[in-house]
Amino acid sequence: HAWNGVICMSCLRYCQAGALLRAEALRVRLEAGLCTGCGACIAPCPADALAFRFVSDAPRPSDGRGDHQLTV
Numbered sequence: 214h215a216w217n218g219v220i221c222m223s224c225l226r227y228c229q230a231g232a233l234l235r236a237e238a239l240r241v242r243l244e245a246g247l248c249t250g251c252g253a254c255i256a257p258c259p260a261d262a263l264a265f266r267f268v269s270d271a272p273r274p275s276d277g278r279g280d281h282q283l284t285v
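The opening residue of the sequence shown carries number 214 in this note's numbering; numbering runs sequentially from there.
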């Protein structure tokens, strides 16, 4: 997923799991192990910089999140 964020960081406010962090150069970093897959961070992003990518070889978490990964 190409970088197309607008540096507003609104996604950080919506991530209840704390999986999105402010990284260097005002970018967002995803801690994939913390992501619950709820998608709450996607809709508030005015630049569509976040998306779910479905992958068949992703490990299936025991909590039923399925075979998707959030991309930043």
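For each residue, glycine too, the CB sits at the ideal point set by N, CA and C.
Going by C-alpha positions, Leu283 is about 6 Å away from Arg266. Counting only runs of 4+ residues, the alpha helix (DSSP H) found wholly inside the stretch 220-258 occupies 223-227, in chain order.
Our two residues, Ala245 and Ala262, have alpha carbons roughly 16 Å apart in a direct line. For Leu283, the secondary structure class from DSSP, reduced to helix, strand or coil, is strand.
The criterion of a C-beta distance shorter than 9 Å is not satisfied by Tyr227 and Cys248. Ala264 carries a strand assignment under DSSP once its states are collapsed to helix, strand and coil.
Distance from the CA atom of Leu243 to the CA atom of Pro257, rounded to whole angstroms, is 16 Å.
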